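Undergrad:
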Amino acid sequence: MPVLEIKNLVKDFGGLRAVNDVSFHIDEGEILGLIGPNGSGKTTIFNCINNYFPISSGNIFFRGVNITGMKTHKICRLGIGRTFQVVKPLARLTVLDNVTASAFSRANSIKEAKKEAEEIVAFCSLTRERDKLAKSLPIGGRKRLEIARALATRPKLLLLDETAAGLNPSEVDQAIALIEKIRENGISILIVEHIMKVIMSISDRIHAINFGQTIAEGTPEKVANNPAVIEAYLGEEYAQG
Amino acid sequence: MKPKNVILGIVCAVFAVFPLIVHSDYYQHLVIIALMWVVIGSSWNLLAGYTGQVSFGHAMFFGTGAYTAGIFVTKLELSAWWGMMFGGITAMLLALVVGWICFRLRGPYFALATLAGGEILRLIATNWENLTDGMVGILIIQTFRSKLPYYYIALALAASCIFVIYVIMKSKWGYYFLSIREDQDAAESMGINTVFYKNVSLLVSAFFTGMAGAFYMNYMAFIDPEVVFSLHFISIMAILVGIVGGVATIMGPAVGAFVMVGVQELFRSSFFDLAPKYVSKAHALVFGLLVIFVIMFLANGIVGDWAKIKRAVFRLKTEN
Numbered sequence: 018m019p020v021l022e023i024k025n026l027v028k029d030f031g032g033l034r035a036v037n038d039v040s041f042h043i044d045e046g047e048i049l050g051l052i053g054p055n056g057s058g059k060t061t062i063f064n065c066i067n068n069y070f071p072i073s074s075g076n077i078f079f080r081g082v083n084i085t086g087m088k089t090h091k092i093c094r095l096g097i098g099r100t101f102q103v104v105k106p107l108a109r110l111t112v113l114d115n116v117t118a119s120a121f122s123r124a125n126s127i128k129e130a131k132k133e134a135e136e137i138v139a140f141c142s143l144t145r146e147r148d149k150l151a152k153s154l155p156i157g158g159r160k161r162l163e164i165a166r167a168l169a170t171r172p173k174l175l176l177l178d179e180t181a182a183g184l185n186p187s188e189v190d191q192a193i194a195l196i197e198k199i200r201e202n203g204i205s206i207l208i209v210e211h212i213m214k215v216i217m218s219i220s221d222r223i224h225a226i227n228f229g230q231t232i233a234e235g236t237p238e239k240v241a242n243n244p245a246v247i248e249a250y251l252g253e254e255y256a257q258g
Numbered sequence: 010m011k012p013k014n015v016i017l018g019i020v021c022a023v024f025a026v027f028p029l030i031v032h033s034d035y036y037q038h039l040v041i042i043a044l045m046w047v048v049i050g051s052s053w054n055l056l057a058g059y060t061g062q063v064s065f066g067h068a069m070f071f072g073t074g075a076y077t078a079g080i081f082v083t084k085l086e087l088s089a090w091w092g093m094m095f096g097g098i099t100a101m102l103l104a105l106v107v108g109w110i111c112f113r114l115r116g117p118y119f120a121l122a123t124l125a126g127g128e129i130l131r132l133i134a135t136n137w138e139n140l141t142d143g144m145v146g147i148l149i150i151q152t153f154r155s156k157l158p159y160y161y162i163a164l165a166l167a168a169s170c171i172f173v174i175y176v177i178m179k180s181k182w183g184y185y186f187l188s189i190r191e192d193q194d195a196a197e198s199m200g201i202n203t204v205f206y207k208n209v210s211l212l213v214s215a216f217f218t219g220m221a222g223a224f225y226m227n228y229m230a231f232i233d234p235e236v237v238f239s240l241h242f243i244s245i246m247a248i249l250v251g252i253v254g255g256v257a258t259i260m261g262p263a264v265g266a267f268v269m270v271g272v273q274e275l276f277r278s279s280f281f282d283l284a285p286k287y288v289s290k291a292h293a294l295v296f297g298l299l300v301i302f303v304i305m306f307l308a309n310g311i312v313g314d315w316a317k318i319k320r321a322v323f324r325l326k327t328e329n
């Protein structure tokens, strides 16, 4: 049974069809990359999966359970964690408190939540900043905090939205290493990313969309060579060349 | 002994013996009213400062508590003290309705909705004469001649309110309230049922404010819609107490309560009759100026920006 199944997802914003009949699945332990030019509907798909936006039609199954229309916090408790493209740190709380608040979704006491938070803060290399206010972190730290908070909910599936955007090359390598570490812990991942280095190197499969529609799916090499994908990113001339 | 705990201990001791040392009715009254505002301000702070839902209508809960106590006398012919218990409960029932309607809105829209709520309750109390006696108000006989029992009841209410809020903020609820304040959408994605917890915060806030209203009925022995459902004298005053004292701090509203009651009395009495009579009308103007000053220089209130105040005083001293 796949860990996530999206069937015929449609999302309309008034007259604009942002997501047009998109279907894909993620197997357990897999990393699926979602690529597409800006405005193609990637983040909208994310927002539909955890019902941050209600969907217009279609069905979403998480580990066999139909989660279409379920409240966001319930979806989180079922096991889907997500990060936001524009990071949302709990600005006036410390890094540790940010993760502790998230850990309460699973922990039964303050002590347990704090312990879990400490472990995850260490896992995400944020131990040095644990007592700093989240708003004082630079972008790299904020992105890691975003991931740490999602991990504290002990997800089976993690939705990563452009976690490498805005990072310098060495931070990008760190991000790739962190994502690999997360996969080794048995968490399936759906990742949206523009930085090809990241998405090509860690994805098992890639799903490419443009204008809200699927244009290709397959292994990274296959998708990278697909004419429709090349056209979407680089224009017609390159596709024909 | 940590210096903070020593100061707290001294303050508690002072409050414990205050009415036994200061016999003046006038000063006892001021402190009793200030203690009542500690409760209202702390309750407002729980919802606004800690959970980020800024209410402009806390008079709803105060007035509901006050009228519950009053109606126990006028309609049920029981003692108004029953209202102390039921005042909190009816305020909570109202909070369930208010939350269901108003929490669909965020930020300034929520504030406006609560403001409207307060005004609606005031109009209901004014017009539903069969229940409330309308503008005639409710007059009861005070249970105690001396102010002492009222003082200790107010003190107990203030202390328990602060204590409950302290315990809540240290618990999981505290983390959840702060998360909702900082970013409601992130909180929801972290598995927090934001609708549920916003309502929990509102229920606790309404409960204590309702109890304060019921206390007011018992102590002042007279209420009417203009007084207990007042936008300016109750709802706005609650906000000022919170802001001036320090939002999102435990002791901020307590400090703010005494400062605001002091300032209010200073102007009502025209600086204890040392200034011309028209100064007593300036109280609304002064409140406004005070808010502007606080927002510009002490955004975290007296307690929140205490370090800043100390530095400013230090700088003044060294310049001389």
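Protein chains in written order, with the numbering used here: chain A, 18 to 258; chain B, 10 to 329.
By construction, the Cβ of each residue, glycine as well, lies at the ideal position given by its N, Cα and C atoms.
Computed from a predicted structure; not experimentally measured.
If you follow the alpha helix (DSSP H) that S52 (chain B) is part of, which residue opens it and which one closes it?
TA: First-last of the alpha helix (DSSP H) with S52 (chain B): 34 to 54.
Undergrad: Which residues in chain A have a C-beta closer than 9 Å to the C-beta of D194 (chain B)? List them in chain order.
TA: In chain order: Y69, T89, F101, K105.
Undergrad: Taking 8 Å as the threshold (beta carbon to beta carbon), is K181 (chain B) in contact with chain A?
TA: With 8 Å as the cut-off, K181 (chain B) counts as an interface residue toward chain A.
Undergrad: Taking only runs of the beta strand (DSSP E) that begin and end inside the region 134 to 190 of chain A, which ones reach a length of at least 3 residues, in chain order?
TA: Segments of the beta strand (DSSP E) lying fully in the region 134 to 190 of chain A: 174 to 178.
Undergrad: Cβ closer than 9 Å: which chain B residues qualify as neighbours of I127 (chain A)?
TA: The contacting residues are K179, S180, K181, Y184.
Undergrad: State the Cα-Cα distance for the pair L195 (chain A) and C141 (chain A), rounded to the nearest angstrom.
TA: Near 7 Å, if we compare the C-alpha coordinates of C141 (chain A) and L195 (chain A).
Undergrad: Can you check which of these residues, A:T117, A:V138, A:L168, is closest to E129 (chain A) by C-alpha distance?
TA: Nearest C-alpha to E129 (chain A): A:T117.
Undergrad: Looking at C-beta atoms only, is the number of pairs between the region 260 to 279 of chain B and the region 74 to 82 of chain B that lie closer than 8 Å three or more?
TA: The answer is no - the region 74 to 82 of chain B does not touch the region 260 to 279 of chain B, with fewer than three Cβ pairs under 8 Å.
Undergrad: Would you report the Cα separation of K207 (chain B) and L102 (chain B), rounded to the nearest angstrom?
TA: Each residue's Cα considered, the two are about 15 Å apart.
Undergrad: Where are the alpha helix (DSSP H) runs, 4 residues long or more, that stay fully inside the region 248 to 303 of chain B, in chain order?
TA: Those alpha helix (DSSP H) runs which fall completely within the region 248 to 303 of chain B and span 4+ residues are 261 to 277, 279 to 282.
Undergrad: Compare the C-alpha of L148 (chain B) against each of B:E86, B:T123, B:R131 and name the closest.
TA: The shortest C-alpha separation from L148 (chain B) is found at B:E86.
Undergrad: Determine the direct distance from the alpha carbon of E201 (chain A) to that of G258 (chain A), and round the result to whole angstroms.
TA: Low confidence applies here, because G258 (chain A) scores a pLDDT of 44, under 50, leaving its location unreliable; read the following figure in that light. So the alpha carbons of these two residues sit roughly 39 Å apart.
Undergrad: Tell me, which residues are paired with N139 (chain B) by DSSP?
TA: Partner(s): none; N139 (chain B) has no beta bridge.
Undergrad: As an exercise, report each continuous alpha helix (DSSP H) stretch of at least 4 residues that is fully enclosed by the region 76 to 156 of chain B, in chain order.
TA: Counting whole runs of 4 or more residues, the region 76 to 156 of chain B contains the alpha helix (DSSP H) stretches 91 to 111, 116 to 136, 138 to 141.
Undergrad: Rounded to a whole number of angstroms, what is the C-alpha to C-alpha distance between A308 (chain B) and L140 (chain B)?
TA: Each residue's alpha carbon lies about 43 Å from the other.
Undergrad: Taking the C-alpha atoms as reference points, what is the distance between A163 (chain B) and W315 (chain B)?
TA: Taking the straight line from one Cα to the other gives about 27 Å.
Undergrad: Quick check: the Cα distance between P172 (chain A) and N243 (chain A), rounded to an integer number of angstroms?
TA: For P172 (chain A) and N243 (chain A), the distance between alpha carbons rounds to 33 Å.
Undergrad: Indicate the three-state DSSP secondary structure (helix, strand or coil) for T231 (chain A) in the structure shown.
TA: Looking at T231 (chain A) - three-state DSSP - the assignment turns out to be strand.
Undergrad: Going by DSSP, what residue range makes up the beta strand (DSSP E) through N76 (chain A)?
TA: Taken as a continuous stretch (DSSP letters only), the beta strand (DSSP E) holding N76 (chain A) covers 74 to 79.
Undergrad: Apart from the five residues on each side of it in sequence, which residues of its chain come closer than 8 Å, Cβ to Cβ, to A57 (chain B)?
TA: Closer than 8 Å at the Cβ level, and outside the excluded window around A57 (chain B), lie V63, S64, I248, G251, V256.
Undergrad: Can you tell me the Cα-Cα spacing of F27 (chain B) and T327 (chain B), whole angstroms?
TA: About 36 Å.
Undergrad: I'd like to know if G258 (chain A) contacts chain B, where contact means its C-beta is closer than 8 Å to some C-beta of that chain.
TA: Confidence at G258 (chain A) is low in this model, with a pLDDT of 44, below 50, so the placement of that residue is unreliable and no value is reported for it.
Undergrad: State the DSSP-derived secondary structure class of G258 (chain A), mapped to helix, strand or coil.
TA: Note on G258 (chain A): pLDDT 44, under 50, position unreliable in the model; the coordinate value appears next. DSSP places G258 (chain A) in coil when its eight states are reduced to three.
Undergrad: Using a C-beta to C-beta distance shorter than 9 Å, which residues of chain A count as neighbours of I201 (chain B)?
TA: What I201 (chain B) touches in chain A: H90, C93, A118, S119, F121, S122.
Undergrad: Judging by CA-CA distance, which residue of B:E235, B:M69, B:N136, B:S169 is the nearest neighbour of V47 (chain B)?
TA: V47 (chain B) has its Cα closest to that of B:S169, out of B:E235, B:M69, B:N136, B:S169.
Undergrad: Does the region 216 to 225 of chain A come close enough to the region 47 to 62 of chain A to have 3 or more Cβ pairs within less than 8 Å?
TA: Yes, the region 216 to 225 of chain A is in contact with the region 47 to 62 of chain A.
Undergrad: Using a Cβ-Cβ cut-off of 7 Å (strictly less than) and excluding sequence neighbours within five positions of E197 (chain B), which residues of its own chain qualify?
TA: For E197 (chain B), where only same-chain residues beyond five positions count, the Cβ hits under 7 Å are T203.
Undergrad: What in chain B is Cβ-close to D148 (chain A), meaning under 9 Å?
TA: Here the premise fails: no neighbours, minimum Cβ distance about 16 Å.
Undergrad: Would you list the one or two residues that DSSP bridges to S205 (chain A)?
TA: S205 (chain A) pairs with A:L174.
Undergrad: Using C-beta distances below 6 Å, list every residue in its chain close to I225 (chain B), excluding the 5 sequence neighbours before and after it, in chain order.
TA: A small correction: the amino acid at residue 225 (chain B) is Tyr; Ile does not occupy that position in the sequence shown. A75, listed in sequence order.
Undergrad: Using the Cα positions of D29 (chain A) and G75 (chain A), report the straight-line distance between them to the nearest angstrom.
TA: Taking the straight line joining both Cα atoms gives about 12 Å.
Undergrad: Determine, using beta carbons only, whether I243 (chain B) and F71 (chain B) come nearer to each other than 8 Å.
TA: Against a cut-off of 8 Å, the Cβ pair of F71 (chain B) and I243 (chain B) comes out as a contact.
Undergrad: Return the bridge partner residues of I23 (chain A) from the DSSP annotation.
TA: I23 (chain A) is bridged to A:F41, A:I77.
Undergrad: Nearest chain A C-beta to E274 (chain B) closer than 8 Å, yes or no?
TA: So no, E274 (chain B) is outside the interface.
Undergrad: Going along chain A, which residues have a C-beta under 9 Å from G325 (chain B)?
TA: Residue identity differs from the one stated: residue 325 (chain B) is Leu in this sequence, not Gly. Correct list: empty, because the minimum Cβ distance to chain A is about 29 Å.
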